[in-house]
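Worksheet for the structure shown next.
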């Protein structure tokens, strides 16, 4: 699985990119099924996925 952020190759079962730390999976808000980051529709229920949910938010230390 390629990272949607840096395009690094990751194993198919990886949840986060080993190069940049970006989340590689997202949960469908409708059914909860795990989807690849960047997917437009859930492959389980067909729900349109919100693009904002595919981009992880980074929290900066105060």
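In our numbering, the protein residues as written are 4 to 65.
Glycine included, every Cβ here is placed at the ideal spot set by N, Cα and C.
Residues near residue i in its chain [Cβ-Cβ closer than 8 Å; skip 5 each side]
i: residue 46; result: 36 and 38
i: residue 17; result: 4 and 27
i: residue 50; result: 31, 32, 33, 34 and 44
Contact check, residue i vs residue j, beta carbons under 7 Å
i: residue 30; j: residue 19; result: no
i: residue 52; j: residue 40; result: no
According to DSSP, residues forming a beta bridge with residue i
i: residue 29; result: 38
i: residue 51; result: 44
7 Å CB neighbourhood of residue i in its chain, flanking five on each side removed
i: residue 22; result: 6, 9 and 11
Buried/exposed call for residue i, threshold 16 Cβ in 10 Å
i: residue 15; result: exposed
Same chain, Cβ closer than 6 Å to residue i, neighbours up to 5 away in sequence not counted
i: residue 57; result: Residue confidence for residue 57 is low, a pLDDT of 42 falling below 50, so the modelled location carries little weight; the figure read from the coordinates is stated next. Counting only Cβ-Cβ distances below 6 Å, and skipping sequence neighbours, we find 29, 40 and 41.
i: residue 48; result: 33 and 34
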